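Basically the working numbering = 1-based index in the sequence shown + 1189.
For glycine and all other residues, C-beta sits at the position ideal for the given N, C-alpha and C.
Since the structure is predicted, the reported quantities are computational estimates derived from the model, not experimental observations.
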Amino acid sequence: MTKPVRDLRIDPDRMLAAFHELAEFGATGDGGVNRPTFSEAHLAARKWFREQIEATGLEFRLDGAGNHSAFLAGADSQAPTLLLGSHLDSVLNGGRFDGALGVMAAFEVLRTVQDAGLARKVSLEAIDFTDEEGTLVGLLGSAALAGRLPAELLQHPRGGREALLEGMQRAGVSDESILQAARPQGSLAGYLELHIEQGKRLERVGINIGIVTAIVGIWSYRLSFLGRADHAGTTTMDDRLDASLGASAFTLAARQLVLKEFPGCVVNVGNMTFGPGAFNIVPAQVDLSLEFRSAEEEEFKRLDSALLACAHEEARRFGLDLRVEALGKHSPSLMSIEVQDTFAAACDDLGLTHLSLPAGAGHDGQSFDGLCPVGMIFVPSKDGASHSPREFTAWADCVRGANALLQTVLKLAL
Ligand SMILES: [Zn+2]
C-alpha cells in the first residue's frame, strides 16, 4: 500500500551525502567554501550539480543567465512551474550552508516527489540561481529569469565590468543571453526557498523553523560632509570647519536614533573617505557610505527622513555643508500570506515549532515580488554566524527544514 502523502519524508542520508560532496568544491579547509560567481570552483560545483541531476533521470535545464535546474514536469505540459531554489555561489571565504542547503533541499524534494510517483497539477523546478551574493551583479540569475534585470546594470555592475566580462566568458554566457533568460508572463506558480537564518533569533528561542514575513528593503546614500582644508597646526580649534566631526557625530547619532525610535530597523555606516586625507590637514571633505534596512515601507520613509534630518543637523552644528547622493532604494518584499500559512500548516503536521520573522538579508525571492507568490523558511544558524567559515546548522535542523519544504510543496502542487 502506498503511504499517505502527509507521511512522505525526504531521504536525509541521500541529502547529506550530496551536501557533503558539494561542500568539497572550493573547500577552504576550515569548514568554509570559496565559490564566488563564475570562479573555477563555482563552475565545478555547477558541473557536479548537473551530473547529479542527470543521474536521477530528472530533466536538466540551463538558461541564458547560467541558472541550473532540475525539472519535473506537471501532468499538463502547459502547467505553470513552482520554483524551489537558492544559490551555489558563495561570498569570498563564506560558509557551506548559505545557498547550498536550499539548492540541495530543493533537489531532494524533487527526487522524493519523483520517487513517490505523485501526479502534480504544476511542474516543479529545483534551481541554482546565478550570482545571488553579488560578486558580480547581485540577484543576477533570479532578476534575469523574472525579466527584471536592467540591461544598464550589466554595463555598470557592482563587481566591475571587467570581472563580469571575464566571468561570463568562463561560464559561456553573454549580456544578450542573460537578458533572454526572462520567463513568459504567468509561467511561474510560485517561488519557495529554504535558507539558513544567518541570525540568532531561532537559536535563542529554541524554535525549529522561521517563516519569513518579508525580505527587508535596503536604501543607501553617499553623504558628503563638506568643510575647509586648513593647516592642522596653526588653525585654532574653534576656527576649523572639520568635515570629520560632522561625519563622526552623524554616525553616533544615527545609531542612537535607530536604537530609540526604530527598533525593527538597522543602520550602517560602512565606509568613510577623508579628503585631502593627511595628518597635518584639517579634513575638507568626508564621504560616508550609509545603508539602512526595514521590512516595512511606511517605517522606511520615516527612517529615511529622520536620518537625513539628522545628517543636516550634525553638518550645521559644525558649520559644514552636506551633499546627499541617493544610490539605491530597494523596497521591502512581502511574502505571500497563503504560502506563509501553508508553511505553518506543514510545520504543524510535522510537529515542528515555528515563528514568523522578517529576513534581514537580501534573497532571490525578492526578484519575484508581485510576479508570483513567494515564500521562505529559515532553519537555525549556530551563533547566528554566516558569510564565514563558522557558519553551521545542525543536520537535524537541515532535515526538518527540507521536510517542511517538501510538505509545503505537496500541499501547493498536488
Ligand atoms: Zn544565501
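Helix, strand or coil at residue i [DSSP, three-state]
i	result
V1563	strand
V1292	helix
V1401	strand
A1421	coil
K1310	coil
T1324	coil
A1583	coil
V1447	helix
G1283	strand
I1470	strand
V1362	coil
K1490	helix
D1553	helix
I1242	helix
F1227	coil
D1200	coil
H1345	coil
D1304	helix
L1430	coil
D1265	coil
Given residue i as reference, the closest of the options once Cα atoms are compared
i	options	result
A1548	V1455, T1301 and E1248	V1455
H1420	A1443, P1465, T1582 and A1340	P1465
V1405	D1278, H1552 and L1509	H1552
L1391	T1217, P1569 and A1295	P1569
V1133	E1487, E1450, L1479 and D1427	Limits of the chain in this structure are 1190 at one end and 1603 at the other, which puts residue 1133 out of reach.
E1210	V1194, A1230 and K1192	A1230
L1430	H1276, P1452, L1594 and R1506	R1506
H1257	D1538, A1295 and I1199	A1295
L1599	S1376, G1349, L1273 and L1479	L1273
R1203	A1268, L1434, L1299 and A1418	L1299
E1351	R1250, T1324 and V1447	T1324
D1278	Q1267, G1306, E1314 and S1228	S1228
A1305	V1513, D1196 and G1283	D1196
P1452	Q1596, E1485 and W1584	E1485
D1493	L1271, R1347, I1407 and A1262	I1407
A1418	L1546, Y1410, L1412 and A1432	A1432
A1550	T1440, E1386, S1275 and A1254	E1386
L1232	E1213, G1388, A1473 and N1592	E1213
Rounded straight-line distance, which links the Cα of residue j to that of residue i
i	j	result
A1504	A1436	8 Å
V1394	I1566	16 Å
L1510	A1403	Leu is not the amino acid found at residue 1510; the sequence shown has Asp there. Rounded to the nearest angstrom, the two C-alpha atoms are 37 Å apart.
M1461	A1500	14 Å
L1479	V1292	32 Å
G1573	K1449	24 Å
L1415	N1469	18 Å
H1345	M1357	14 Å
T1542	L1434	49 Å
R1359	L1343	16 Å
L1368	A1335	10 Å
L1523	G1246	35 Å
G1330	A1308	29 Å
T1217	E1322	18 Å
P1339	G1375	20 Å
V1362	R1235	14 Å
G1459	L1477	8 Å
L1169	V1280	No answer is possible for residue 1169: it lies beyond the span of the chain, which begins at 1190 and ends at 1603.
L1605	D1265	The requested residue 1605 does not occur in the structure, where the chain is confined to residues 1190 to 1603.
F1581	K1490	35 Å
G1643	I1316	Lying outside 1190 to 1603, the shown extent of the chain, residue 1643 is not represented and no answer is given.
L1539	E1514	49 Å
T1270	R1444	44 Å
S1575	I1526	27 Å
D1586	V1475	46 Å
F1238	G1559	30 Å
I1400	G1255	29 Å
T1531	L1601	8 Å
Identified DSSP bridge partners for residue i
i	result
M1461	L1477
E1382	M1565
F1414	V1475 and L1511
R1482	I1407 and V1455
S1258	R1250 and I1316
K1518	W1408
G1274	I1316
S1545	I1400
L1377	T1270
A1216	V1222
L1539	For L1539, which the question treats as bridged, DSSP gives no partner whatsoever.
L1523	A1403
Minimum Cβ-Cβ distance from residue i to chain E less than 9 Å
i	result
S1520	Of the chains in the structure shown, none is chain E; there is only one protein chain.
>> Which residues end up in the neighbourhood of ligand 1 when you take C-beta atoms closer than 5 Å to any of its heavy atoms?
In response: After applying the 5 Å Cβ criterion, the set is D1287 and G1288.
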